[in-house]
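According to my numbering, the sequence shown is numbered sequentially starting from 313. Every residue gets a Cβ at the ideal spot worked out from N, C-alpha and C, and that includes glycine. Here the structure is a predicted model, which means the values were calculated and not measured. First comes the structure, then the notes that go with it.
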Amino acid sequence: MPTRRLTRFITLAALALITIAFFYSPLTPRRHQIPTSHSTWQAELGPIDNKATSYIAEATPAELCAPYHWEPHTPKDGKRKIYDLFLINDELNWLEIRLSTLSKQVDYFVVVESPKTFTGLDKPLHLKENWDRFAPFHSQIIHHVLDSDLNSTVAWDHEDLQRNAMFDQVIPFLEGPKAIKADDVLIISDIDEIPRPLTATLLRTCAFPRRLTLRSKFYYYSFQWEHRGPEWQHPQATFYTGETTLSPSNLRSGRGGNPLTRIGESADLWNAAWHCSSCFSHISTLLNKLASFSHAEYNQEKYRAKAGILRRVRNGLDLFDRYWQTYDRVERNVDVPMYVMNNVTRFAYLLDRDPPNANFEDVSELDLSVQEIGEAQKKKGGKR
Numbered sequence: 313m314p315t316r317r318l319t320r321f322i323t324l325a326a327l328a329l330i331t332i333a334f335f336y337s338p339l340t341p342r343r344h345q346i347p348t349s350h351s352t353w354q355a356e357l358g359p360i361d362n363k364a365t366s367y368i369a370e371a372t373p374a375e376l377c378a379p380y381h382w383e384p385h386t387p388k389d390g391k392r393k394i395y396d397l398f399l400i401n402d403e404l405n406w407l408e409i410r411l412s413t414l415s416k417q418v419d420y421f422v423v424v425e426s427p428k429t430f431t432g433l434d435k436p437l438h439l440k441e442n443w444d445r446f447a448p449f450h451s452q453i454i455h456h457v458l459d460s461d462l463n464s465t466v467a468w469d470h471e472d473l474q475r476n477a478m479f480d481q482v483i484p485f486l487e488g489p490k491a492i493k494a495d496d497v498l499i500i501s502d503i504d505e506i507p508r509p510l511t512a513t514l515l516r517t518c519a520f521p522r523r524l525t526l527r528s529k530f531y532y533y534s535f536q537w538e539h540r541g542p543e544w545q546h547p548q549a550t551f552y553t554g555e556t557t558l559s560p561s562n563l564r565s566g567r568g569g570n571p572l573t574r575i576g577e578s579a580d581l582w583n584a585a586w587h588c589s590s591c592f593s594h595i596s597t598l599l600n601k602l603a604s605f606s607h608a609e610y611n612q613e614k615y616r617a618k619a620g621i622l623r624r625v626r627n628g629l630d631l632f633d634r635y636w637q638t639y640d641r642v643e644r645n646v647d648v649p650m651y652v653m654n655n656v657t658r659f660a661y662l663l664d665r666d667p668p669n670a671n672f673e674d675v676s677e678l679d680l681s682v683q684e685i686g687e688a689q690k691k692k693g694g695k696r
């Protein structure tokens, strides 16, 4: 009897360890990972690594896909198209960077804009009002203004509605050259989650799993501060299967589809993208993000004080004082979108947060002087 119990215990323990190893990705081998030597390839934008450029330009589909343990994709009807789906609020610089980085790999950018924030507040249609700024990309942009709302006060409900609208209210209605076909690629992401150009090339060329997570290098405030821990678990990619296509919300959250086959059809492609959270040129944009955040618990006055924001951004400290969120300084980071590297002065805030104003364009010397006076008065008052 004791022997039988011991055998049962050992069996259950072994199953538990296998389950943990299977589900917890840091413990599993990274079968699909873009090597550093290839991640610098950024098409015609100015490659850093000529060896990577030469290899990718000359590789056959089989050679390109083999390192990631994928077979080449065989198009059933012409060229496999890529649709890049994302929401936009007022992140116009990020839109410019994304379009400039991926326009040679992506066929169409589906950009959905809502007259309301996730928390239900009215907001301007920033892309519509600045449409001429993106004239070079007009032929590739499918701009859609959300045409329905949800009778709910829950921010997450509004977020799901807006995410799914990227597909439901756009993709089935495309006609002519823009019309989607079976197996065409769908990338689902936030605007500041930018796939590498090589990633897009792999998605077009290779037969990747139905649920593919494009793991991102995770930066905060700028490419100067890298998040400590596993790579960010977004964006996601899938392919079009008609009525059974995974919805953007389900794909991003890991829901939907057959739960029995969900694990088998899922995989991660590591080092596949960049994610730069709260990386804004204006402190007012950061404050606007807090106001429209689904995480309403973070939209508090103590997190909105400009002096506190400047201190955190310049020193790589978490915006909400979460002790478990830590960031490592990266000196002279070159693993950034090439469009940023080619416009260093314009995008100084994405590369260097050291100056007193953290390179926020709307923080003046007067603001800093007022801040210093306030801090001095606090110290003086504390001595009494």
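Taking Trp382 as the centre and dropping the five residues before and after it, the same chain places the C-beta of Cys518, Ala519 and Phe520 closer than 7 angstroms to its C-beta, in chain order.
When DSSP states are grouped into helix, strand and coil, Ala549 belongs to the strand group.
Counting only residues of its own chain and dropping the five nearest sequence neighbours on each side, Ala660 has a CB closer than 8 angstroms to the CB of Asn671. In the three-state DSSP reduction, Val422 falls in the strand class (E or B). One thing to note: Asn405 has its Cβ within 8 angstroms of the Cβ of Ser593. In the three-state scheme derived from DSSP, where H, G and I count as helix and E and B as strand, Pro560 is classed as helix. Using a C-beta cut-off of 8 angstroms, the stretch 373–380 makes no contact with the stretch 608–621, since fewer than three inter-stretch Cβ pairs fall below that distance. With a cut-off of 8 angstroms on Cβ pairs, the stretch 383–398 is not in contact with the stretch 426–441, counting fewer than three such pairs.
According to DSSP, Cys377 shares a beta bridge with no other residue.
Secondary structure in the stretch 636–661: the beta strand (DSSP E) runs of 3 residues or longer, each lying completely within the stretch, are 639–641 in chain order. One alpha carbon belongs to Pro509, the other to Leu498, and they sit about 15 angstroms apart. Taking one beta carbon from each stretch, the stretch 564–584 and the stretch 519–536 have 3 or more pairs nearer than 8 angstroms; the two touch. In the DSSP assignment, His438 falls within the alpha helix (DSSP H) that extends over His438 to Glu441. Remark: fewer than three beta-carbon pairs, one from each stretch, lie closer than 8 angstroms, so the stretch 536–548 and the stretch 649–656 are not flagged as touching. Residue range Leu404 to Leu414 is occupied by the alpha helix (DSSP H) that includes Asn405, with no beta strand (DSSP E) assigned at that position. Partner residues in the beta bridge of Arg523, as assigned by DSSP, are Ser578. Minimum Cα-Cα distance from Arg634 among the listed residues Leu558, Glu425, His539 and Ser412 corresponds to His539.
Between Leu458 and Val424 a beta carbon distance of about 6 angstroms is seen, short of the 8 angstroms cut, so the two are scored as contacting. Under the three-state reduction of DSSP, Tyr533 is assigned to coil, being neither helix nor strand. Bridge pairing for Ala585: Pro507 and Ser528 [DSSP]. The Cβ-Cβ distance between Ile506 and Pro384 does not fall below 8 angstroms. Distance from the CA atom of Arg665 to the CA atom of Gln345, rounded to whole angstroms, is 30 angstroms.
A distance of 8 angstroms or more separates the beta carbons of Tyr552 and Ser590. In this structure, the beta-carbon distance from Ala585 to Thr513 does not fall below 8 angstroms. DSSP, reduced to helix, strand and coil, places Val457 within a strand of the structure shown. DSSP places Leu498 inside the beta strand (DSSP E), whose first and last residues are Val497 to Ile500. Listed in chain order, the alpha helix (DSSP H) runs fully inside the stretch 606–632 are 613–616 and 618–627, counting runs of at least 4 residues. Secondary structure of Asp674 (DSSP, three-state): coil. In the DSSP assignment, Gln345 is bridged to Trp582.
The three-state reading of DSSP puts Leu602 in helix, counting H, G and I together. DSSP places Pro448 within a helical segment (H, G or I) once states are collapsed to three. A direct Cα-to-Cα measurement between Ser596 and Asp674 gives close to 7 angstroms. When the five nearest sequence neighbours on each side are left out, the beta carbons in the same chain lying within less than 6 angstroms of the beta carbon of Ser561 are those of Asp472, Arg475 and Asn476, in order along the chain.
Secondary structure of Pro384 (DSSP, three-state): strand. Per the C-alpha coordinates, the member of Glu403, Lys391, Ser426 and Arg567 positioned closest to Val418 is Lys391. Pairing Leu515 with Ile492, the inter-Cα distance amounts to about 16 angstroms.
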